[in-house]
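K.L.:
Residue numbers (my numbering), protein chains in the order written: chain Z, 1 to 290; chain V, 1 to 523. Glycine included, each C-beta is placed from N, C-alpha and C at the ideal position. One structure follows; several queries about it will come next.
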């Protein structure tokens, strides 16, 4: 692990960041300093108290970015931020965390392991000198760095007054692309993102949308993708999988009702689909995993 | 002059024979009770004196000594009043009580100052204790007749007043004996509610059939208002009807605990107890100088429901562990040990966080990240490890239910579910040789012996253990639950379907494993 300072005039200072209003003069770093200037970056932000859906999408999307050589940039907060970092690392990809405090401080405390992982496999950045604790102002202020490092910013999940909406606003001022993950319109945790779409942000319709846009723009090449797993499914599994793909998130009870099957018949199939990694269950709800 | 009257004392739910010896000798007027009487028994002196005089008799103005033998064991309770009064009157000699009758007839009853005989607690175990010692004729308060008539081969003499009792022993107007056993126990088995009223929770209902059939503890994980309590409350309606022995056990416990109302007969329905989370350990297990059953025993043969499970103190939950495992509570006192049975189905329920809405899509959770973590950390520990099944109770959308009102098929009702439970239980009964053992109580080598699995089932479990990161303990739980699922469809060998379904009932385990789900995330 390397540790040091990136100055505005240094060669490794990320070029995209140079273009924003009020770029940081100094950036303290831990990890691989070349990362920020190297590959295409995308910022992933969202609510700290996210729903299972949000966390799932964050992890999955980050994984797809990682597989396609796109660096995931976020703020290491709980919820969406952490899941994004973790999803990228799990897929063997690169990730950058921009902190609102100095580098030796771990906030939130329980992100200790994640922080260590990012230091080793990715990059930690902060504009604050050692000994600076995070305050009400430092966190929103560093958001300009998160969006500034990236070609695009994705808001995965946000309530009405979420801080991630500020990031989206800043990204817009910096002239970067903004994507929002649409959610159920009855979910309070998706009001913010749905509003963003209403206000002109690009909606993410399928997980790979952003990757595809990057490929079209010529910033990266596409690798991998959902495998042809459908052939390996049994008849019941296929029925359920197809239904879920069409209808999205549903409770086990409603699924049983819709398919005219008893919960006892459905439960074993759900286990198999879960084991194959095709569906996820959380608090009584089932949703498709890609 | 001297007299001897038979009565009974109580320790825990065991009655023992007590002789009331009365001696009246000349001397200054005095009334002494010896033989380790408790405060209630000492106070009996005043009730006895007043009752005797207010019934139109005269109380001897001399030195009276009453000994309760065996003198070494404590006597507590108000049921010594009547035997003491009869003893004093017999020793007085003026009323011509038949010695033969006194020698063969046990007496129990509390006295009011006007001479009425009052309802007593613990009548059934007292009567059983006497019957065991060969006393087959017992005088009891008339209001206790309902419960005591469960004891077989005993003749009862119900009395309502001291005067009636005196007339019986003097031969003036013998009380007519009522033979027990002949009294048919009415088959009451109607609960005021039914599972058909629970709409949109068929998955939870299926889990409950398995839980009750196999005696598996169950945990409901879900948001406020998703129907956890509603489901739990209806569990007794799908349990098999109480057998005579079970009714007897429950009635004994309720009788000692003073939970039977005057005139009430046996406890007719399976108990459902839902202690609040602020309950003390003693109230849960039972206790006291003269041990009385606590909530755990009052749930015997029924359901113990711990709502807001994470709110219970660790200490309280720790207390639950041993009784849940053994099916009985042992209360040790310096001189004796009382044993109360407590074989129940443990049902626990909890929210995902303190405010209840963590992860909800309907309302915003107002808890801090740390408070959520702390709350969920409560969901691990020795007791939850002993709960075989954990299910998530999904968020109900009232607007959907209201919109479909009338058109929705009624949910499965209690009778259908009970029929399945009974089938599952009969399969287990055949396998475990008629005892009341259920799959939930299998342990160690028994699991190997009674839960043969098909090759496919074995490899499925292996694969699942790998991909879900299951511990050996949770694998064991899955096997036990799969055993019950197979029993419900009368299969001897567990196949992959049974195992796959059992794997669904691990909501908390899967919460633990899912890396993006709050706790243990290491993020």
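1. In chain Z, which residues lie with their C-beta within 9 Å of the C-beta of residue 231 of chain V?
2. Out of V:352, V:278 and V:335, which one is the CA nearest neighbour of residue 317 of chain V?
3. Thinking C-alpha only, which one of Z:109, Z:114 and Z:113 is nearest residue 133 of chain Z?
4. Measuring alpha carbon to alpha carbon, tell me which of V:86, V:372 and V:498 ends up nearest residue 354 of chain V.
5. Tell me, to the nearest whole angstrom, how far the beta carbon of residue 281 of chain Z is from that of residue 361 of chain V; I am working on the premise that it is less than 8 Å.
6. Taking the C-alpha atoms as reference points, what is the distance between residue 518 of chain V and residue 55 of chain Z?
7. Look up residue 221 of chain V in the DSSP assignment and give the residues it is bridged to.
8. Hey, could you find the ends of the beta strand (DSSP E) residue 21 of chain V is sitting in?
9. Is there a Cβ of chain Z sitting closer than 8 Å to that of residue 364 of chain V, yes or no?
10. Checking contacts by CB at 8 Å: is residue 52 of chain Z closer than that to chain V?
11. So the candidates are V:236, V:196, V:201 and V:226; which of them puts its Cα closest to the Cα of residue 212 of chain V?
12. Does DSSP put residue 179 of chain Z in a helix, in a strand, or in coil?
13. Within a Cβ cutoff of 7 Å, which residues of the same chain sit near residue 113 of chain V, ignoring the five residues on either side of it in sequence?
14. Listing by chain order, which chain V residues have their CB less than 7 Å from the CB of residue 285 of chain Z?
15. Can you list the residues of chain V that residue 185 of chain Z reaches, using a CB-CB cut of under 9 Å?
16. Assuming residue 390 of chain V and residue 507 of chain V form a contact by the criterion Cβ under 8 Å, report the distance between their Cβ atoms to the nearest whole angstrom.
17. May I have the straight-line CA-CA distance separating residue 150 of chain Z from residue 260 of chain Z, to the nearest angstrom?
18. Below 7 Å between beta carbons is the criterion; list the residues of the stretch 158-183 of chain Z that meet it against any residue of chain V, in chain order.
19. Tell whether a beta-carbon distance below 8 Å holds between residue 369 of chain V and residue 78 of chain Z.
20. Name the two residues that bound the continuous alpha helix (DSSP H) containing residue 294 of chain Z.
21. Going along the chain, which residues of the stretch 456-469 of chain V sit with their C-beta nearer than 7 Å to a C-beta in chain Z?
22. Between the Cα of residue 285 of chain Z and those of V:446, V:392 and V:164, spot the shortest distance and give me the residue it belongs to.
23. Which residues in the same chain have their Cβ closer than 6 Å to the Cβ of residue 202 of chain Z, if we skip the five residues on either side of it in sequence?
24. With 8 Å set as the bound, which would you pick, yes or no: does the beta-carbon of residue 504 of chain V sit closer than that to a beta-carbon of chain Z?
25. Is residue 138 of chain V closer than 8 Å to residue 102 of chain V when the C-beta atoms are compared?
26. Helix, strand or coil for residue 107 of chain V per DSSP?
27. For residue 49 of chain Z, which of V:365, V:432 and V:429 has the nearest alpha-carbon?
28. Determine, using beta carbons only, whether residue 272 of chain Z comes closer than 8 Å to chain V.
29. Closer than 7 Å by beta-carbon distance: list the chain V residues that pair up with residue 251 of chain Z, in chain order.
30. What are the boundary residues of the alpha helix (DSSP H) that includes residue 31 of chain Z?
31. If you measure between the beta carbons of residue 387 of chain V and residue 320 of chain V, is that distance less than 8 Å?
32. Just to make sure I have the definition right: I need the residues of chain Z whose C-beta is within less than 8 Å of the C-beta of residue 206 of chain V. Which are they?
33. Would you report the Cα separation of residue 90 of chain V and residue 2 of chain V, rounded to the nearest angstrom?
34. Tell me which same chain residues have a C-beta within less than 6 Å of the C-beta of residue 367 of chain V, skipping the five on either side of it?
35. Does the stretch 201-215 of chain V touch the stretch 414-431 of chain V, meaning 3 or more C-beta pairs lie closer than 8 Å?
36. Count the C-beta pairs between the stretch 241-255 of chain V and the stretch 116-134 of chain V that are closer than 8 Å, then say yes if the count reaches three, no if not.
P.N.:
Once the coordinates are examined:
1. None at all; the shortest Cβ gap to chain Z is about 12 Å.
2. Ranking V:352, V:278 and V:335 by Cα distance to residue 317 of chain V puts V:278 first.
3. Z:109
4. A check of alpha carbon separations from residue 354 of chain V across V:86, V:372 and V:498 identifies V:372 as the nearest.
5. The Cβ separation is near 15 Å, so there is no contact.
6. For residue 518 of chain V, the predicted structure reports a pLDDT of 38, less than 50, and the residue's modelled location is therefore unreliable. A value from the coordinates is still provided. Distance between the alpha carbons of residue 518 of chain V and residue 55 of chain Z: 10 Å.
7. According to DSSP, residue 221 of chain V bridges with V:350 and V:392.
8. 14-25
9. yes
10. yes
11. Nearest C-alpha to residue 212 of chain V: V:236.
12. strand
13. 47, 50, 51 and 54
14. Within 7 Å Cβ-Cβ: 394.
15. Here the premise fails: no neighbours, minimum Cβ distance about 10 Å.
16. About 4 Å; that satisfies the 8 Å criterion.
17. If I take the Cα positions, the gap works out to 48 Å.
18. 159
19. With contacts defined as CB atoms closer than 8 Å, residue 369 of chain V and residue 78 of chain Z qualify as a contacting pair.
20. Given a span of 1 to 290 for chain Z in the structure shown, any question on residue 294 of chain Z remains unanswerable.
21. Correct list: 463, 464 and 467.
22. The shortest C-alpha to C-alpha distance from residue 285 of chain Z to any of V:446, V:392 and V:164 is the one to V:392.
23. 179
24. yes
25. Taking 8 Å as the Cβ cut-off, residue 102 of chain V and residue 138 of chain V do not qualify as a contacting pair.
26. strand
27. Across the set V:365, V:432 and V:429, the C-alpha of V:365 shows the shortest separation from the C-alpha of residue 49 of chain Z.
28. yes
29. Neighbours of residue 251 of chain Z on chain V, chain order: 394.
30. Not the alpha helix (DSSP H): residue 31 of chain Z falls in the beta strand (DSSP E), residues 26-31.
31. no
32. 262, 263, 264 and 267
33. 8 Å
34. Closer than 6 Å at Cβ, skipping near neighbours: 353, 354 and 355.
35. Touching, per the Cβ criterion.
36. yes
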